[in-house]
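Here the structure comes first, spelled out in structure tokens, and everything after it is commentary.
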């Protein structure tokens with residue numbers, strides 16, 4: 167185990183904290199109409215908030231928690247969260263992996279402002295693609311999710327809300343440096359062109375070019391990295407019409423492998439790794455609203471992205487280009503005080519173009535060729551009904567029907583129930599199905615750094631799983647303060663799954679991808695408690711047990727590798743008045 171000291175300097179801290187408060191205030195006032203139309207959760211700044219009004223089990227990471235790490239990106243935002251685990255998949259490329267309910271992040275549906283995003287080829291490095299200062303909040307929803315956002319959620323959803331253009335005018339920014347010569351600069355500027363029209367620009371630059379080899383083994387412990395990230399946003403808000411347009415460009419370059427300064431034998435070529443990624447996104451959200459007692463709305467959402475990654479691992483080459491187009495048309499209305507109906511249609515198109523080089527790829531068929539073009543178009547419709555007869559009960563059944571050009575027809579049923587007999591107790595239960603289209607190499611391209619041969623089975627099936635969960639929340643008054651206790655249990659059962667095996671019968675120098683033959687499941691039990699000990703000081707403790715097992719090609723049901731069975735977490739946080747200083751200890 168290597169311990170690395172780090173000295174960080176953060177500028178404009180007070181400005182950033184004021185920026186956080188202003189952004190949340192603007193979001194709560196100016197985005198209330200959008201929240202009604204798109205069914206988003208209106209968030210206030212806070213630490214470990216839980217959306218009490220939401221029917222699903224949702225945790226909220228607000229601005230107050232995000233600004234605690236001036237250098238953070240999305241992957242570094244869950245350090246104090248007991249539910250989400252983030253770890254390095256490998257040190258060679260710096261790829262991070264997220265885990266929820268004992269399963270990898272491929273089974274978590276990633277959303278940006280309630281639109282499916284960061285999928286497929288973007289998965290290996292996506293946690294580093296979202297700068298921390300850009301985020302207004304993160305919502306983590308566990309278990310079966312709403313059918314509105316599609317069929318891909320199996321273990322839950324993570325939704326990222328960016329800073330809104332309608333926030334107060336001004337230019338804000340911060341800078342970060344550390345002892346390993348990592349530099350990071352973030353800035354954003356917003357302008358209100360009129361009472362209804364506003365625009366903003368968000369910019370992020372990150373640079374780390376020093377070779378870090380703490381154990382002197384000749385290989386870099388982390389890649390050299392240079393990233394440029396920019397987003398331009400527009401927002402038009404009127405009483406009856408809302409429109410939001412955003413465009414984003416990302417350039418991310420990573421270099422790793424053997425360290426040049428420790429390479430003694432010049433006759434032997436260096437083993438070098440390079441991952442060059444370019445990503446382009448555009449999103450347009452529109453909503454027509456009738457200001458009547460039914461809150462009727464009609465919304466159109468369009469999103470498109472191009473993800474182009476050139477990967478080189480020594481003599482192995484893998485280039486992938488994923489083009490995605492997404493469209494959603496939805497209508498929602500309160501039929502009466504107790505009844506709400508939402509219906510809509512979705513269209514999603516994915517096109518993959520891949521290029522392979524070297525001997526690291528093989529296919530279990532007669533000609534040994536890997537497909538270089540792959541496309542899938544899925545069109546579907548959904549209906550979701552919410553019944554709230556009183557303040558105690560809420561029921562929300564939903565169902566989707568989709569047709570995939572690759573997998574045919576499939577149905578996604580989901581159900582949520584919430585029971586709150588008093589303000590001190592809430593019980594939630596959920597059950598639902600999820601589907602996912604697997605892309606073995608594109609979603610695990612960082613594994614090419616290990617030098618193994620990839621073996622891809624023919625006709626990988628669409629992944630299919632059921633998820634069931636129950637969660638309880640208690641608010642207990644103790645000594646004029648409130649103790650929050652949450653307890654939850656989730657069970658995920660796979661019908662079909664793409665199984666990645668690095669210890670299979672094909673040999674120790676292979677990585678195989680095959681269909682599931684047998685059982686695969688995950689049990690997760692968690693309890694956590696939060697208590698404000700005194701003014702400004704909050705303590706949170708949590709414990710989690712995970713039992714995740716999969717049947718591999720040996721026919722044996724085994725624990726999933728690199729998945730911790732037990733996790734205990736303790737966080738202590740103290741903020742001085744006006745939140746000028748904040749101190750945090752996490753174990």
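Residue numbers (the working numbering): 167 to 753.
Note that the Cβ used here is the ideal one computed from N, Cα and C, for glycine as well.
Source: prediction; values computed, not measured.
Distance between residue j and residue i (C-alpha atoms, nearest Å)
i	j	result
residue 743	residue 506	43 Å
residue 627	residue 572	10 Å
residue 296	residue 233	14 Å
residue 404	residue 682	51 Å
residue 285	residue 265	15 Å
residue 733	residue 695	14 Å
residue 451	residue 511	15 Å
residue 114	residue 368	Since the displayed the chain opens at 167 and closes at 753, residue 114 lies outside it and no answer follows.
residue 671	residue 724	14 Å
residue 205	residue 422	In this predicted model, residue 205 has a pLDDT of only 42, less than 50, meaning its place in the structure is not dependable; the value taken from the coordinates is given anyway. Their Cα atoms are separated by approximately 43 Å.
residue 521	residue 560	50 Å
residue 391	residue 418	7 Å
residue 263	residue 248	16 Å
residue 342	residue 371	10 Å
residue 384	residue 590	58 Å
residue 615	residue 258	7 Å
residue 476	residue 389	16 Å
residue 517	residue 540	6 Å
residue 752	residue 329	27 Å
residue 438	residue 327	37 Å
residue 288	residue 411	22 Å
residue 595	residue 576	24 Å
Local conformation of residue i per DSSP, three classes
i	result
residue 669	coil
residue 380	coil
residue 611	helix
residue 720	coil
residue 582	strand
residue 733	strand
residue 342	strand
residue 471	strand
residue 595	strand
residue 389	coil
residue 313	helix
residue 624	coil
residue 279	coil
residue 480	coil
residue 353	strand
residue 287	helix
residue 297	strand
residue 347	coil
residue 728	coil
residue 271	helix
residue 241	helix
residue 743	helix
residue 219	coil
Contacting residues, own chain, Cβ-Cβ under 7 Å from residue i (five flanking each side not counted)
i	result
residue 550	312, 313, 314, 508, 562, 564
residue 269	321, 658, 688, 714
Endpoints, beta strand (DSSP E) assigned at residue i
i	result
residue 372	363-374
residue 792	Because the chain here runs from 167 to 753, residue 792 falls outside it and cannot be looked at.
residue 748	748-752
residue 229	Not the beta strand (DSSP E): residue 229 falls in the alpha helix (DSSP H), residues 229-232.
residue 604	Here residue 604 belongs to no beta strand (DSSP E), and DSSP marks it neither H nor E.
residue 266	262-266
residue 517	505-523
residue 679	676-681
residue 755	The structure shown does not extend to residue 755, since the chain is modelled only from 167 to 753, so the question has no answer here.
residue 541	539-553
residue 654	647-662
residue 253	250-254
C-beta atoms of residue i and residue j nearer than 7 Å
i	j	result
residue 218	residue 275	no
residue 444	residue 474	yes
residue 414	residue 397	yes
residue 467	residue 488	no
residue 677	residue 613	yes
residue 679	residue 622	yes
residue 737	residue 246	yes
residue 240	residue 293	yes
Other residues of its chain near residue i: CB distance less than 6 Å, five sequence neighbours each side excluded
i	result
residue 726	714, 716
residue 691	655, 711
residue 566	313, 317, 546, 548, 578
residue 580	310, 313, 564, 598
Residue i Cβ short of 6 Å to the ligand PLP heavy atom set
i	result
residue 436	This structure does not include the ligand PLP; it has no bound ligands of any sort.
Residue-level contact to chain D via CB, residue i, 7 Å cutoff
i	result
residue 623	Of the protein chains in this structure there is only one, and it is not chain D.
Neighbourhood of residue i by C-beta distance below 8 Å, restricted to the same chain and skipping five residues each side
i	result
residue 555	504
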